[in-house]
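K.L.:
Let me give you the structure first, and then I'll get to my questions.
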């Protein structure tokens, strides 16, 4: 019965589609078409509906495709399963906050997870770890001699000394077992990353410093001499200094602080040795030794300062031991102090090397101008150029710095500094990126002072200009003093001198620097050498140059015919 009713319904639908007014036409009247495209779409839609109705009709009438049997009812077990599924679906969903917290905690812990390999040159976490190891190393270097000589380690505070010693030993062990096996190194030009190759090729660092000689405290008592092996880790200290200086902007400040630390440490060791000599001779036995009064460390340190720096004014030694000790102390102190003074001189000289070079160049230039009696107006402009260039760039010629680097590094630096500026220029927007990168290496940066002429009207143009910083003004009018337009950073002018055919390389206006202006200059010969390797970019630039040249000529002619219309004719256009 259901199939019969469905068949009747489908027949009715088919009759309705057959008598659709959108497709029916009168026999005597012509077909009215409002929109040909809409008519085709309606006919296609009716045809698809007819096919769909025929398909359903076939399924109903065909006993193979459609069976008249009633669908079997679900079993009781299946009904129970469906009920359980509905109950589970009806349960409120768990708040995802816990999972989010777990995920965020895992992601947070991943930041502290040690990587499989560590690049010692760029990984800041490795530098922070070296700082911790350096602190542990300085603890041992400063306090092992102090505890060994001065009676500062007593039974009441021994637990605190041991606690800090254990922390420093943990730093040493973690550095030897966790960090150093992961550090990359270079062998024969190859960067060794694999742990297996590291074990095969890398020379193991001395591991005697982690041997726990402290356990001998149980047999011989608490003596700091058993921790003397902890001082044998100077390589980590020097590595930390090198890495830290490499990332600091003003490394000379740290060098000065480090040199002062060397001096203080030398005085510290001398004070410890003096107290040991006084205890060996007997405290207060002579005028030369420490008398045991006051703060023992400060008194000994004061003696070390006056002796090592050769200030003098101390009691004369009495015994033979005291005389020999004082002679050796003076002898070593002269070398140590002179070495530190020389190192401080080198640090200050390196910090002021650039300023000294600037002063020398400026003095030579002033002497040259005075020799040839250059007018004071020109001399003042030269001094102004030197001062502004040095203050803004920190150097007089950037090319001298880049010439020391390989070509690839020069390209990387030029791309990072100037690529964004050149890429914004409309003339180069459709050019290849590699062509722009090659052009960046050929650009010359020149600073113009306020009022300097960048180019003059009527002169032959052989360069193109890109404004890197500052502004320039285009002058025109009857007397050539009217400001037609002000060009800012990122603007380009003079490109027709490089791209147009003969006759288009004459400057059409005066251009002066409005304030200090830093411009990139590209000459015609250099651009042609670059475009040889990029024919697509060359065609684009030539086409652009012809278009700009024709537009400039049209503007010039219109301006001559109609003086009331003011057009800005840029130099090179």
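Residue numbers (the UniProt record's numbering): 1 to 573.
Even glycine gets a Cβ: it sits at the ideal position worked out from N, Cα and C.
Can you give me the Cβ contacts of residue 358 inside the same chain, cut-off strictly under 6 Å, excluding the 5 residues immediately before and after it?
P.N.:
Position 358 of the chain shown, counted from the first residue, corresponds to residue 358. Only 390 meet the Cβ criterion.
K.L.:
Residue 133 and residue 286 look like a contact to me (Cβ under 8 Å); what is the Cβ gap, rounded to whole Å?
P.N.:
Within the chain shown, the letter at position 133 stands for residue 133. Within the chain shown, the letter at position 286 stands for residue 286. Contact flag wrong, Cβ pair sits at about 43 Å.
K.L.:
Taking C-beta to C-beta, are residue 490 and residue 484 nearer than 8 Å?
P.N.:
For this step, residue 490 is matched to residue 490 along the chain shown. For this step, residue 484 is matched to residue 484 along the chain shown. Contact flag unset, no.
K.L.:
Spatial neighbours of residue 418 within its chain, please: CB distance less than 8 Å, with the 5 preceding and 5 following residues excluded, ordered by chain position.
P.N.:
Stepping through the chain shown from its first residue, residue 418 is reached at position 418. For residue 418, where only same-chain residues beyond five positions count, the Cβ hits under 8 Å are 440, 443, 468, 520.
K.L.:
Quick one: what's got a C-beta closer than 8 Å to residue 113's C-beta in the same chain, skipping five residues either side?
P.N.:
Numbered from its first residue, the chain shown carries residue 113 at position 113. For residue 113, where only same-chain residues beyond five positions count, there are no Cβ hits under 8 Å.
K.L.:
Return the first residue and the last residue of the alpha helix (DSSP H) that residue 215 is part of.
P.N.:
Position 215 of the chain shown holds residue 215. Counting along the chain, residue 215 falls outside any alpha helix (DSSP H), and DSSP gives it neither H nor E.
K.L.:
Taking residue 142 as the reference, give the member of 230, 159, 156 with the closest Cα.
P.N.:
What you label residue 142 is simply residue 142 of the chain shown in a count that begins at 1. Of the candidates 230, 159, 156, the one whose C-alpha sits nearest the C-alpha of residue 142 is 230.
K.L.:
Between the alpha carbons of residue 153 and residue 266, how many angstroms are there, rounded?
P.N.:
Reading the chain shown from its first residue, position 153 is the one you call residue 153. Reading the chain shown from its first residue, position 266 is the one you call residue 266. Rounded to whole angstroms, residue 153 to residue 266 spans 22 Å at the Cα level.
K.L.:
Starting from residue 464, trace the beta strand (DSSP E) in both directions and tell me its first and last residue.
P.N.:
The residue given as residue 464 occupies position 464 in the chain shown. Here the beta strand (DSSP E) through residue 464 covers 463 to 476.
K.L.:
Considering just the uninterrupted stretch of the beta strand (DSSP E) at residue 179, what are its terminal residues?
P.N.:
By 1-based counting over the chain shown, the position of residue 179 is 179. Note, residue 179: premise wrong, no beta strand (DSSP E); not H, not E.
K.L.:
If contacts are defined as beta-carbon pairs under 8 Å, then residue 322 and residue 276 qualify, I think. What distance do you get, rounded to the angstrom?
P.N.:
Taking the first residue of the chain shown as 1, we reach residue 322 at position 322. Taking the first residue of the chain shown as 1, we reach residue 276 at position 276. With 8 Å as the limit, residue 322 and residue 276 do not qualify as a contact, their Cβ atoms being about 13 Å apart.
K.L.:
Mind reading off the beta-carbon distance from residue 435 to residue 534? Whole number of angstroms is fine, and I expect it under 8 Å.
P.N.:
Within the chain shown, residue 435 is the residue found at index 435, counting from 1. Within the chain shown, residue 534 is the residue found at index 534, counting from 1. With 8 Å as the limit, residue 435 and residue 534 qualify as a contact, their Cβ atoms being about 4 Å apart.
K.L.:
Less than 7 Å between C-beta atoms, sequence neighbours within five positions excluded: which residues of the same chain meet that for residue 149?
P.N.:
Here the question's residue 149 lines up with position 149 in the chain shown. So the list reads 272, 275, 276, once near-sequence residues are dropped.
K.L.:
Pick out whichever of 464, 254, 354 has its Cα sitting closest to the Cα of residue 523.
P.N.:
In the chain shown, residue 523 corresponds to position 523, counting from 1. Looking at the Cα atoms, 464 is the closest of the given residues.
K.L.:
Taking contact to mean 3 or more Cβ pairs, one atom from each stretch, closer than 8 Å, check whether the region 344 to 355 and the region 248 to 263 are in contact.
P.N.:
Yes: at least three Cβ pairs fall under 8 Å.
K.L.:
Can you give me the start and stop residues for the beta strand (DSSP E) that residue 268 sits inside?
P.N.:
The count along the chain shown starts at 1 and reaches residue 268 at position 268. Careful: residue 268 lies outside any beta strand (DSSP E), inside the alpha helix (DSSP H) at 251 to 281.
K.L.:
Quick one: is residue 597 buried, meaning 16 or more other Cβ sit within 10 Å of its Cβ, or exposed?
P.N.:
This structure cannot speak to residue 597, because the chain is shown only from 1 to 573.
K.L.:
With a threshold of 7 Å on Cβ separation, who are the neighbours of residue 299 within its own chain once the five nearest residues in sequence on each side are excluded?
P.N.:
In the chain shown, the residue the question calls residue 299 occupies position 299. The residues are 290.
K.L.:
What residues match up with residue 444 in a beta bridge as DSSP calls it?
P.N.:
On the chain shown, residue 444 is found 444 positions in, with the first residue counted as 1. BP columns for residue 444 point to 521.
K.L.:
How do the region 528 to 548 and the region 424 to 435 stand: do at least 3 beta-carbon pairs fall below 8 Å, yes or no?
P.N.:
Yes, the region 528 to 548 touches the region 424 to 435.
K.L.:
Looking at residue 509: is its Cβ nearer than 8 Å to the Cβ of residue 454?
P.N.:
As a working mapping, residue 509 is identified with position 509 in the chain shown. As a working mapping, residue 454 is identified with position 454 in the chain shown. The answer is no: Cβ separation not under 8 Å.
K.L.:
Note down the Cα distance separating residue 120 from residue 539, rounded to an integer number of angstroms.
P.N.:
As a working note, residue 120 is residue 120 in the chain shown. As a working note, residue 539 is residue 539 in the chain shown. Distance between the alpha carbons of residue 120 and residue 539 is about 48 Å.
K.L.:
Within 10 angstroms of its Cβ, does residue 328 collect 16 or more other Cβ (buried), or is it exposed?
P.N.:
What you label residue 328 is simply residue 328 of the chain shown in a count that begins at 1. Burial call: exposed.
K.L.:
Please report the distance separating the alpha-carbon of residue 472 from that of residue 371.
P.N.:
Counted from its first residue, the chain shown places residue 472 at position 472. Counted from its first residue, the chain shown places residue 371 at position 371. So the two alpha carbons sit approximately 34 Å from each other.
K.L.:
May I ask you to report which of helix, strand or coil DSSP gives residue 408?
P.N.:
For the purposes of this step, residue 408 is taken as residue 408 along the chain shown, with counting starting at 1. It is helical.
K.L.:
Rounded to the nearest angstrom, what separates residue 649 and residue 139 at their Cα positions?
P.N.:
Outside the displayed range of the chain (1 to 573) lies residue 649, so it cannot be described from this structure.
K.L.:
Rounded to whole angstroms, how far is the Cβ of residue 426 from the Cβ of residue 512, which I believe are closer than 8 Å?
P.N.:
The residue you call residue 426 lines up with position 426 of the chain shown. The residue you call residue 512 lines up with position 512 of the chain shown. 23 Å between Cβ atoms; not a contact.
K.L.:
Residue 526 and residue 449 - do their beta-carbons sit closer together than 8 Å?
P.N.:
Counting from 1 along the chain shown, the entry for residue 449 is found at position 449. Counting from 1 along the chain shown, the entry for residue 526 is found at position 526. No, they are not a contact pair.
K.L.:
Consult DSSP for residue 100 and reduce its assignment to one of helix, strand or coil.
P.N.:
The sequence position of residue 100 within the chain shown is 100, counting from 1. Because residue 100 sits at a pLDDT of 47, beneath the cut-off of 50, its placement in the model cannot be relied upon, and the following sentence gives the value as read from the coordinates. Looking at residue 100 - three-state DSSP - the assignment turns out to be helix.
K.L.:
Please classify residue 577: does DSSP put it in a helix, a strand, or coil?
P.N.:
There is simply no residue 577 to check, as the chain begins at 1 and stops at 573 in what is shown.
K.L.:
Have a look at residue 403 and residue 397 and give me their C-alpha separation to the nearest angstrom.
P.N.:
Here the question's residue 403 lines up with position 403 in the chain shown. Here the question's residue 397 lines up with position 397 in the chain shown. Using only the alpha carbons, I get a separation of about 11 Å.
K.L.:
Which residue marks the beginning of the beta strand (DSSP E) containing residue 453, and which one marks its end?
P.N.:
Taking the chain shown and counting its residues from 1, one reaches residue 453 at position 453. Start and end: 453 to 455.
K.L.:
Provide the residue span of the alpha helix (DSSP H) that contains residue 482, from first to last.
P.N.:
Within the chain shown, numbered from 1, the residue matching residue 482 stands at position 482. Premise fails: residue 482 lies in the beta strand (DSSP E), 482 to 487, not in any alpha helix (DSSP H).
K.L.:
Going by beta-carbon coordinates alone, are residue 233 and residue 137 separated by less than 8 Å?
P.N.:
Taking the first residue of the chain shown as position 1, residue 233 is located at position 233. Taking the first residue of the chain shown as position 1, residue 137 is located at position 137. Against a cut-off of 8 Å, the Cβ pair of residue 137 and residue 233 comes out as a contact.
K.L.:
Check this for me: beta carbons of residue 309 and residue 227, under 8 Å apart or not?
P.N.:
Position 309 of the chain shown, counting from 1, holds the residue named residue 309. Position 227 of the chain shown, counting from 1, holds the residue named residue 227. No, they are not a contact pair.
K.L.:
Is the distance from the Cβ of residue 182 to the Cβ of residue 245 below 8 Å?
P.N.:
The sequence position of residue 182 within the chain shown is 182, counting from 1. The sequence position of residue 245 within the chain shown is 245, counting from 1. Not closer than 8 Å, so no.
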